[in-house]
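Remarks on the structure that follows.
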Amino acid sequence: MQHLITTDDLTIKQIEQILDDALRFKLQKKPVSLLKNRLLFTLFFENSTRTRSSFEVAAKRLGANVVHLDPSKSSTNKGESVEDTFLNLCAMLPDGVIIRHSDNHLAKKLSDMNLTPLLNAGSGSYAHPTQALLDLFTLKEHFGSLDGLKIAIVGDIVNSRVASSAIALFGRFGIKISLVAPEPFMPRDTNLPKFDKLEDVLDDVDVVMSLRAQFERHNKPVFENYETYASHYCLTKENIGSRDIIIMHPGPVMRNIDISDEILDDKRSKVLTQVTNGLFVRMAILKLLLLDS
Ligand code: ASP
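At position 206 of the sequence shown the residue is numbered 959 (this note's numbering), and the sequence of numbers has no breaks.
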């Protein structure tokens, strides 16, 4: 039984298959009934706009049925543990469970029970494997080849599961990563090149990936004033200029703090392309885990 908790659960061959299948799904556009009569649960203990709907649309485009359990109305509110909720869902014999939770290690713990394929849709600050895979697809689609690409990740890196999954995955494909953040947002335990000024990297990268401040993981306010933060780290027409680079962000974008309105509208912004690609990449991931493994 194959799970997807971190991208390290996948071999390079499986990742290449996901990229190829996703491209095929994107080109053919039409839904395909590969997962007809399959049943998936989505179980999101943290907020989600893109990931949950993307997974649900992906599953439906493959012909699967999806049941969403709303934790705020479930028995976890009556004191049932997440483990017990999960055991009860598995007793209904689903073909997979898609879970998001603030606990870094819960998804792994549940997957170790080996009851159903488990797909991690975001675990605390630890991992967001499907975001990293859709970002990899977006890079490959734009640049053709990944080896030697240079990307700067900017923002609240230390609290971001998107950053940790991107760092883990991109390195396997020869992508060179630099980190740009003020001291409280910069991870300490990394050998990647670190910068505190955006200007110091912009001439030397192909891609800038911006990340929002992960307020839900701050125990106390990190900065009093995000306007001052934005004056250093927001991607704007002034600092991006006419450079031939692309701009990425996993969303939600804090407009004019992470990326200015103008740059979001610029054709170098791939923010909505990432959302579209997420659909096809998640279709490919569901195919791999439920059908091919
Ligand atoms: N949507 C992404 C996540 O779930 C990024 C974010 O929320 O900042 O981690």
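Ideal Cβ placement from N, Cα and C applies to all residues, glycine included.
Item: Would you list the residues whose beta-carbon is nearer than 7 Å to any heavy atom of the ligand ASP, in the order they occur in the chain?; Value: S801, R803, T804, G875, H881, Q884, S913, R914, V915, L964, R965, Q967, P1003, G1004, P1005
Item: To the nearest angstrom, how far is the alpha carbon of K766 from that of K861?; Value: 22 Å
Item: Below 6 Å CB to CB, which residues in the same chain sit around V1034 once its five sequence neighbours on both sides are set aside?; Value: A775, L886, L887, F890
Item: Does the stretch 903-916 come close enough to the stretch 954-972 to have 3 or more Cβ pairs within less than 8 Å?; Value: yes
Item: By alpha-carbon positions, which one of V915, M866, L932, S786 ends up nearest to D837?; Value: M866
Item: Looking at L859 and T760, is the spacing between their C-beta atoms short of 9 Å?; Value: no
Item: My understanding is that L792 touches P847, with C-beta atoms under 8 Å, so please give their C-beta distance in whole angstroms.; Value: 5 Å
Item: Out of S855, K893, S828, L871, state which residue places its alpha-carbon closest to the alpha-carbon of F808.; Value: L871
Item: Three-state secondary structure (DSSP) at L902?; Value: coil
Item: If the criterion is Cβ atoms closer than 9 Å, does the pair G924 and A916 meet it?; Value: no
Item: Is DSSP giving G816 helix, strand or coil here?; Value: coil
Item: In the structure shown, what three-state DSSP assignment does M1007 receive?; Value: coil
Item: How many Å lie between T795 and L772 at the Cα?; Value: 23 Å
Item: Just mark H971 as buried or exposed, buried being the case when its beta carbon has 16 or more other beta carbons within 10 Å.; Value: exposed
Item: In the DSSP output, which residue or residues are listed as bridge partners for H854?; Value: S876
Item: Using the three-state DSSP reduction, which class does S1022 fall into: helix, strand or coil?; Value: strand
Item: Between A874 and I851, which are expected to be in contact by the criterion C-beta below 8 Å, what is the C-beta distance as a whole number of angstroms?; Value: 5 Å
Item: Just to confirm the assignment, what range does the alpha helix (DSSP H) spanning T795 have?; Value: T795 -> not in any alpha helix (DSSP H); beta strand (DSSP E) instead, spanning 792-797.
Item: Could you round the C-beta distance between K1040 and L787 to whole angstroms and report it? I think they count as a contact, below 8 Å.; Value: 6 Å
Item: L955 and N992 look like a contact to me (Cβ under 8 Å); what is the Cβ gap, rounded to whole Å?; Value: 7 Å
Item: Once the 5 residues before and after K947 are set aside, which same chain residues still bring their CB inside 7 Å of it?; Value: L932, M939
Item: By the 10 Å Cβ neighbour count, where 16 or more other Cβ atoms means buried, how is D900 classified, buried or exposed?; Value: exposed
Item: Enumerate in chain order the residues of its own chain whose CB-to-CB distance from A983 is below 6 Å, with the five nearest sequence positions on each side excluded.; Value: I1010
Item: If you measure between the beta carbons of P1003 and R803, is that distance less than 9 Å?; Value: yes
Item: For the beta strand (DSSP E) holding K1049, just list the boundary residues, first then last.; Value: The requested residue 1049 does not occur in the structure, where the chain is confined to residues 754 to 1046.
Item: Could you round the C-beta distance between T989 and S1013 to whole angstroms and report it? I think they count as a contact, below 8 Å.; Value: 4 Å
Item: Please report the straight-line C-alpha distance between N994 and L964, rounded to a whole angstrom.; Value: A small correction: the amino acid at residue 994 is Gly; Asn does not occupy that position in the sequence shown. Their backbone Cα atoms lie some 20 Å apart in a straight line.
Item: Mind checking V820: buried by the 16 CB within 10 Å criterion, or exposed?; Value: exposed
Item: Assuming L1032 and A811 form a contact by the criterion Cβ under 8 Å, report the distance between their Cβ atoms to the nearest whole angstrom.; Value: 5 Å
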